[in-house]
Amino acid sequence: MNPTIRIFVTLLSGLAASVASAGDYPPPREGDYTIPDFKFQSGETLPELRVHYRTLGKPEKDAQGKTTNAVLIMHGTTGSGAQFIRPEFAGELFGAGQPLDATKFFIVLPDGIGHGKSSKPSDGMHAKFPRYGYLDMIEADYRLLTDGLAVNHARLVMGTSMGGMHTWLWGELHPDFMDALMPLASLPTQISGRNRGWRRTV
């Protein structure tokens with residue numbers, strides 16, 4: 001075989017093996033958890049609040065019944081939990097030997113209120129849908145974990161952009177619930193300027 005071709009084939013084989021390894025993770029499971037009579041910070045109540053979620057891996061508990069391997073990942077303003085399982089980077093996150101190896105961790109990817117397949121104004125209520133904010137979204141995720149998935153402790157709570165802002169608030173609202181926080185693309189300060197104007201618009 002031509003030496004140049006041999007090198008090319010070797011590199012290609014190595015790349016294929018790497019991709020296969022990175023993409024080797026348990027298939028996600030989808031579900032809905034319905035919270036009855038969910039009360040929003042505005043004082044309004046929704047008889048049934050649907051929280052859609054995806055999970056990868058299996059939860060583990062210690063001898064005392066404490067969940068030891070749960071990881072909550074929250075999406076940004078225009079996203080949903082589905083964004084984290086896209087082929088281009090899911091394997092790099094959840095594949096064998098990767099930072100959040102789904103054979104070791106129980107990954108929870110919720111759709112926030114107003115996003116994805118969770119309850120939102122466009123389901124039919126439109127302007128009559130209760131006004132909701134970050135605290136409501138965090139409470140819904142907390143109820144999903146504790147009541148819906150029987151997760152009483154998280155190894156890590158993390159999020160990107162809006163999900164990162166939620167992460168900061170998790171540390172304030174539920175400081176003993178998790179071992180670590182990882183807010184990405186966010187700062188623990190009030191938003192302002194164009195960012196604030198854009199968020200008020202959407």
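Here the sequence shown is numbered in my numbering, starting from 1 and rising by one per residue.
Just so it is clear, CB atoms sit at the ideal spot from N, CA and C, and this is done for glycine as well.
(request) Could you tell me how far apart the beta carbons of R54 and S119 are, in whole angstroms, since I believe they sit closer than 8 Å? (result) Cβ atoms of R54 and S119 stay farther apart than 8 Å, at about 16 Å.
(request) Decide if G133 is buried, meaning its Cβ has at least 16 other Cβ atoms within 10 Å, or exposed. (result) exposed
(message) Whole angstroms are fine: how far does the CA of P27 sit from the CA of E92?
(response) 14 Å
(request) Return the residue from the list M74, L184, A185, A90 that minimises the CA-CA distance to E139. (result) For E139, the nearest C-alpha among the options comes from M74.
(message) Let's test the definition: count the other Cβ atoms within 10 Å of the Cβ of P130 and tell me whether it reaches 16, buried, or not, exposed.
(response) buried
(request) Have a look at M137, D136, G114, L135 and flag the residue whose alpha-carbon is nearest the alpha-carbon of H126. (result) G114
(request) Can you give me the Cβ contacts of L184 inside the same chain, cut-off strictly under 6 Å, excluding the 5 residues immediately before and after it? (result) T160, G164
(request) Name the residue from A180, D24, G65 whose alpha carbon lies nearest to the alpha carbon of G57. (result) D24
(request) Quick one: which unbroken alpha helix (DSSP H) runs of 4-plus residues sit fully inside the region 30 to 88? Chain order, please. (result) none
(request) Starting from G159, follow the beta strand (DSSP E) in both directions and report where the run begins and ends. (result) 154 to 160
(request) Please report how far the alpha carbon of H166 lies from the alpha carbon of R143, in whole angstroms. (result) 15 Å
(message) Rounded to whole angstroms, what is the Cα-Cα separation between F105 and D136?
(response) 26 Å
(request) Have a look at K66 and N152 and give me their C-alpha separation to the nearest angstrom. (result) 6 Å
(message) So for D179, helix, strand or coil by DSSP?
(response) strand
(message) Determine whether the beta carbon atoms of L46 and L145 lie at a separation below 8 Å.
(response) no
(message) Can you check which of these residues, V108, Q190, E48, W168, is closest to M182 by C-alpha distance?
(response) The shortest CA-to-CA distance from M182 to any of V108, Q190, E48, W168 is the one to W168.
(request) Can you tell me which of the three DSSP states P121 falls into? (result) helix
(request) May I have the straight-line CA-CA distance separating E258 from M178, to the nearest angstrom? (result) As shown, the chain starts at 1 and ends at 202. That puts residue 258 outside it, with no answer to give.
(request) State the Cα-Cα distance for the pair L187 and M162, rounded to the nearest angstrom. (result) 10 Å
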